[in-house]
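K.L.:
One structure, as structure tokens, below. Some questions next.
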Amino acid sequence: MKIWYILGILLASALLSSAQENNTGKVIYEQVVKLEIKLEGDAAQFADMLPKERKTNKVLYFNPEESLYENGKSDAPDPMQMQHGGSNVMIRMEEPDNKVYTALSDAKQIEQREFMSRVFLIERKTENQWKLTGKQKMILEYPCQEAVMEKDSSRIVAWFTPVIQSQAGPGSYNGLPGLILAIDTDNGKNTITAQSVDFSALPKDALQKPDKGKKVTQEEFDAIVAEKMKEMGVENGGKTGGTHMMIQIKR
């Protein structure tokens with residue numbers, strides 16, 4: 062029993078030492094968004110040919126005071142081309158240049174958001190009200206704990222590791238006593254999972270605040286999106302996880 066007790070103390074000390082040292086770096090995430098695309102009229106015949114999900118790479122730069130979440134570096138995908146009943150269908154997906162900067166010390170965020178070829182800067186206070194569940198699991202080599210939150214009629218599940226002492230996380234999610242390595246929204250509709258963690262020194266400009274776009278509040282931005290979607294006859298905001306999708310049908 063004494064041996065196990067001593068080993069437990071040594072492990073706790075090692076984790077605490079690692080937490081104190083490993084509080085600055087970057088995380089590569091994979092985001093998977095389930096696509097719910099409804100086509101009407103003549104276009105409905107192509108519904109079964111459309112992709113069911115969208116995978117993209119994201120990167121989070123972080124330190125104990127601030128973080129920046131943005132698109133990862135990857136080659137632009139070639140458009141998908143298909144034929145059906147004598148018609149040619151081309152589907153092109155483009156990832157908007159969105160970024161989220163978070164000042165962790167005072168819970169303030171600046172989000173650069175692209176919408177319909179316009180760029181906006183949304184400033185807000187972070188309001189992540191997490192509840193710990195007591196569940197645990199491993200992600201990569203890190204022990205993680207589960208936290209849940211109900212927000213905007215969605216259920217968000219986060220897995221964070223106290224071993225990495227930064228309250229940062231992907232997107233707008235943060236505020237837990239450890240780095241968030243995974244997010245699951247509404248039972249898999251939108252998942253963000255860490256693929257790697259790197260504690261190498263960050264470039265000097267890695268944590269620059271976004272400064273491009275028209276400054277608006279979150280409420281103003283939501284109203285702009287809702288109005289435009291209503292004009293286009295799109296329900297539920299045409300959600301595809303932030304991805305821009307163009308479908309072109311040629312006969």
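Numbering (this note's numbering), first residue to last: 62 to 312. Even glycine gets a Cβ: it sits at the ideal position worked out from N, Cα and C.
Throw me the rounded Cβ distance for the SER233 and THR187 pair, which I believe falls under 8 Å.
P.N.:
Yes, SER233 and THR187 are in contact; Cβ-Cβ is about 7 Å, under 8 Å.
K.L.:
When the distance is taken between beta carbons, is ASN159 closer than 8 Å to ARG29?
P.N.:
There is simply no residue 29 to check, as the chain begins at 62 and stops at 312 in what is shown.
K.L.:
What three-state label does DSSP hand PHE123 in the structure shown?
P.N.:
Correct three-state label for PHE123: strand.
K.L.:
Decide yes or no for the touch test of the region 267-278 against the region 90-97: beta carbon pairs closer than 8 Å, at least 3 of them.
P.N.:
Too few Cβ pairs lie closer than 8 Å, so no.
K.L.:
LYS250 and LEU182 look like a contact to me (Cβ under 8 Å); what is the Cβ gap, rounded to whole Å?
P.N.:
Their Cβ separation, rounded to whole angstroms, is 27 Å, which puts LYS250 and LEU182 out of contact at 8 Å.
K.L.:
Leaving out five residues before and five after ASN84 in sequence, what residues of the same chain have Cβ atoms less than 6 Å from its Cβ?
P.N.:
Within the same chain, ASN84 has close Cβ partners PRO125, GLN226 and SER227.
K.L.:
At a cut of 8 Å, does the region 163-170 reach the region 192-206 through at least three beta carbon pairs?
P.N.:
With the cut-off at 8 Å, the region 163-170 and the region 192-206 do not touch.
K.L.:
With DSSP as the reference, identify every bridge partner of ASN132, one or two as the case may be.
P.N.:
Per DSSP, LYS119.
K.L.:
Which of the three DSSP states is assigned to ALA229 in this structure?
P.N.:
ALA229 falls in the coil class under three-state DSSP.
K.L.:
Looking at the structure shown, is ASP272 part of a helix, part of a strand, or coil, going by DSSP?
P.N.:
Looking at ASP272 - three-state DSSP - the assignment turns out to be coil, as it is neither helix nor strand.
K.L.:
What number of angstroms, rounded off, separates the C-alpha of GLU292 from the C-alpha of MET177?
P.N.:
Cα-Cα distance, rounded: 13 Å.
K.L.:
Use the C-beta contact count for THR194: other C-beta atoms within 10 angstroms, 16 or more gives buried, fewer gives exposed.
P.N.:
THR194 comes out exposed.
K.L.:
How about GLY236 and VAL224: are their beta carbons less than 8 Å apart?
P.N.:
The answer is no: Cβ separation not under 8 Å.
K.L.:
Given a threshold of 16 other Cβ atoms within 10 Å of its Cβ, counted over all protein chains shown, does LYS119 qualify as buried or as exposed?
P.N.:
The residue in question, LYS119, is buried, as its Cβ has 16 or more Cβ neighbours within 10 Å.
K.L.:
Out of TYR122, SER261, ALA262 and ILE241, state which residue places its alpha-carbon closest to the alpha-carbon of THR254.
P.N.:
The shortest C-alpha separation from THR254 is found at ILE241.
K.L.:
Helix, strand or coil for GLU156 per DSSP?
P.N.:
The answer is coil: DSSP assigns GLU156 none of H, G, I, E or B.
K.L.:
With DSSP collapsed to three states, give me the class of VAL286.
P.N.:
Note: VAL286 maps to helix in three-state DSSP.
K.L.:
Between which two residues does the beta strand (DSSP E) containing LEU165 stretch?
P.N.:
No beta strand (DSSP E) holds LEU165; DSSP gives it neither H nor E.
K.L.:
Determine the extent of the beta strand (DSSP E) in which SER42 is found, giving its start and end residues.
P.N.:
There is no way to answer for residue 42, as the model of the chain reaches only from 62 to 312.
K.L.:
For ASP259, count neighbouring Cβ atoms within 10 angstroms of its own Cβ and tell me buried if that reaches 16, exposed if not.
P.N.:
So ASP259 counts as exposed.
K.L.:
To the nearest angstrom, how far is it from the Cα of GLU114 to the Cα of GLU127?
P.N.:
Their Cα atoms are separated by approximately 31 Å.
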